[in-house]
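Engineer: If you're matching positions, the sequence shown starts at 3 in this note's numbering and goes up one per residue. Quick reminder that beta carbons are idealized off the backbone N, C-alpha and C, glycines included. Everything numeric in this text was worked out from a predicted model, so none of it was measured.
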Amino acid sequence: MLQNDTAIAKLVHGLWKSNRPLALRVTTEVKTPTAELLKPYIEQEEGNQNKLLLIDSLEQSLHLIAATEQSNLVRETLDILLIKCEERNCEVIYHAQELLETLDMQPLQPGGLIYELFDLEHAAERQQKFLADPANHFEWIEVKGGEFWMGDDEQEDNEKPAHRVKVDDFRMAKHPVTNRLLSTFPFGQKFPTYGGESNPAIGNTWYEAYYFALWLDCSLPTEAEWEYAARGGKYAQRTQYFFGNSIEELPNYAWFGENSRLYPHAVNEINSRSSKENLNPLGLANMLGNVLEWCQNWYDRFPSTGIAEETIENPFGPSTGKYKNARGGSFRSLPTSVRCAHRGFNLDPGDRTYDFIGFRLVSRSRKQ
Numbered sequence: 003m004l005q006n007d008t009a010i011a012k013l014v015h016g017l018w019k020s021n022r023p024l025a026l027r028v029t030t031e032v033k034t035p036t037a038e039l040l041k042p043y044i045e046q047e048e049g050n051q052n053k054l055l056l057i058d059s060l061e062q063s064l065h066l067i068a069a070t071e072q073s074n075l076v077r078e079t080l081d082i083l084l085i086k087c088e089e090r091n092c093e094v095i096y097h098a099q100e101l102l103e104t105l106d107m108q109p110l111q112p113g114g115l116i117y118e119l120f121d122l123e124h125a126a127e128r129q130q131k132f133l134a135d136p137a138n139h140f141e142w143i144e145v146k147g148g149e150f151w152m153g154d155d156e157q158e159d160n161e162k163p164a165h166r167v168k169v170d171d172f173r174m175a176k177h178p179v180t181n182r183l184l185s186t187f188p189f190g191q192k193f194p195t196y197g198g199e200s201n202p203a204i205g206n207t208w209y210e211a212y213y214f215a216l217w218l219d220c221s222l223p224t225e226a227e228w229e230y231a232a233r234g235g236k237y238a239q240r241t242q243y244f245f246g247n248s249i250e251e252l253p254n255y256a257w258f259g260e261n262s263r264l265y266p267h268a269v270n271e272i273n274s275r276s277s278k279e280n281l282n283p284l285g286l287a288n289m290l291g292n293v294l295e296w297c298q299n300w301y302d303r304f305p306s307t308g309i310a311e312e313t314i315e316n317p318f319g320p321s322t323g324k325y326k327n328a329r330g331g332s333f334r335s336l337p338t339s340v341r342c343a344h345r346g347f348n349l350d351p352g353d354r355t356y357d358f359i360g361f362r363l364v365s366r367s368r369k370q
């Protein structure tokens, strides 16, 4: 261990801008507590990109230090960034979570940094509170699990091949998350309210949607869950829309480019064509049209071979990726993009300019 802590502190100061991984490594070689050395530098970090670079530097420093020191350095550094500095940017938090998970530090479990940051101890209690307020338009629809054909062999390439999928029981929110509901979330950056409190919250990054769901003891739906529910669950048919294949009937069930007047509608708005909400056979509102909806999965093409003969159970997609999926079409979409099998792709999870993407919540049993 290096003995002259004053000299080492100066060394850390000198390295912080030129070689941050080495600066982080040096903090493990001194008697001065790591947090005491690092806090002044981390507090000065401004802007999301600088914070993301800090997390990258922390990851790069790990091969420079003993395995026994790695978890301690990561824990102390991210404790300063996330907890003491009260980080609120969800993309920064997510990349920190990924690093913690790489080291098997269980950030979402009691005692974990993400668990503490989002006060997950009270997540289920928050959910019940918001469910109890009708103004939030937050209620659960039970979706009985089953098998269905996912994808479409007759449409776009990234929907092929159609393949059998089985999903377990889950609950899905009847409506997308509203402006009113999201306004309670003390993280992220709210998009300028588009419409009133009952309108779907839009312009949120995937990271914000992910953590809002977590904050309420919920999840985002997987692509498989979303398509299964959109098709009507146990009533699912291999048709373009949950009601059949007729484009002429679509205005009776969805807000899209031809009838939306090119703005999002309140989540419970009555469709003048049908004199009721845009409900599918399960009672889910606006599964097609109004706003695209973020899904849990990283985007990937369906495998071209080996899946036609088998049933895939509860697919979650790849563990990493560049783009996220969104489903359902929006108030700007053509009828062909409002189909049950249509996949929104090449969507940057950190982009907040998507003023046509919202999200809805799901809840799964604890065993999943």
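What residue from Pro112, Arg128, Leu222 has the CA that sits closest to Phe318's CA?
Structural biologist: If you number the sequence shown from 1, residue 318 lands on position 316. Measuring from the Cα of Phe318, the nearest candidate turns out to be Leu222.
Engineer: Could you spell out the range, first to last residue, of the beta strand (DSSP E) harbouring Glu295?
Structural biologist: As a position in the sequence shown, residue 295 is number 293, starting the count at 1. Where Glu295 is concerned, the enclosing beta strand (DSSP E) stretches over 294-300.
Engineer: Using a 10 Å radius around the Cβ and a threshold of 16 neighbouring Cβ atoms, would you call Lys53 buried or exposed?
Structural biologist: Here residue 53 refers to the residue found at position 51 when the sequence shown is read from its first residue. It counts as buried.
Engineer: If I follow the unbroken beta strand (DSSP E) through Trp142, where does it start and stop?
Structural biologist: Translated into positions along the sequence shown, residue 142 becomes position 140. Segment 142-145, the beta strand (DSSP E) holding Trp142.
Engineer: Of the choices Ala215, Glu93, Lys146, Gln62, whose alpha-carbon is the least far from that of Arg233?
Structural biologist: Here residue 233 is taken as the residue at index 231 of the sequence shown, counted from 1. Considering only alpha carbons, the answer is Lys146.
Engineer: Among the candidates Pro23, Thr70, Thr29, Asn74, whose CA atom is the shortest distance from the CA of Ala9?
Structural biologist: Translated into positions along the sequence shown, residue 9 becomes position 7. The shortest Cα separation from Ala9 among Pro23, Thr70, Thr29, Asn74 belongs to Thr29.
Engineer: In angstroms, rounded to a whole number, what distance separates the CA positions of Leu64 and Asn292?
Structural biologist: As a working mapping, residue 64 is identified with position 62 in the sequence shown. As a working mapping, residue 292 is identified with position 290 in the sequence shown. Each residue's alpha carbon lies about 46 Å from the other.
Engineer: CB Val269 to CB Ser200, shorter than 8 Å?
Structural biologist: Position 267 of the sequence shown holds residue 269. Position 198 of the sequence shown holds residue 200. The answer is yes: Cβ separation under 8 Å.
Engineer: Determine the DSSP secondary structure at Pro136, reduced to helix, strand or coil.
Structural biologist: The residue you call residue 136 lines up with position 134 of the sequence shown. Reduced to three states, the DSSP call for Pro136 is helix.
Engineer: With distances taken Cα to Cα, identify the nearest neighbour of Gly113 among Ser20, Arg77, Glu295.
Structural biologist: On the sequence shown, residue 113 is found 111 positions in, with the first residue counted as 1. Selected option, being the one with the closest Cα: Arg77.
Engineer: On the three-state DSSP scale, how would you describe Leu4?
Structural biologist: Within the sequence shown, numbered from 1, the residue matching residue 4 stands at position 2. The predicted position of Leu4 is uncertain, since its pLDDT is 48 and thus under 50; a value taken from the coordinates is nonetheless stated next. Looking at Leu4 - three-state DSSP - the assignment turns out to be coil, as it is neither helix nor strand.
Engineer: Alpha carbon to alpha carbon, what distance is there between Glu61 and Tyr2?
Structural biologist: What is shown of the chain runs 3 to 370, which leaves residue 2 out entirely.
Engineer: Only counting runs of 3 or more residues, tell me where the beta strand (DSSP E) segments fall wholly within the segment 163-188, in order along the chain.
Structural biologist: 165-169, 172-175, all fully within the segment 163-188.
Engineer: Identify, in the order they occur along the chain, each residue of the same chain with its Cβ nearer than 6 Å to the Cβ of Glu141, setting aside the five sequence neighbours on each side.
Structural biologist: Counting from one through the sequence shown, the residue named residue 141 turns up at place 139. If we look at Glu141 and ignore the five residues flanking it on each side, its Cβ neighbours are Lys176.
Engineer: Whose CA, out of Lys41, Pro42, Ala98, Ala231, lies closest to the CA of Trp151?
Structural biologist: As a first step, residue 151 is located in the sequence shown; it is residue number 149 there, counting from the start. Ranking the options by Cα distance to Trp151, first place goes to Ala231.
Engineer: Have a look at Glu71 and Leu26 and give me their C-alpha separation to the nearest angstrom.
Structural biologist: Translated into the one-based positions of the sequence shown, residue 71 becomes position 69. Translated into the one-based positions of the sequence shown, residue 26 becomes position 24. The straight-line gap from Cα to Cα measures roughly 11 Å.
Engineer: Counting Cβ pairs, one atom from each stretch, are 3 or more of them under 8 Å apart for the segment 255-263 and the segment 320-333?
Structural biologist: Segments in contact, yes.
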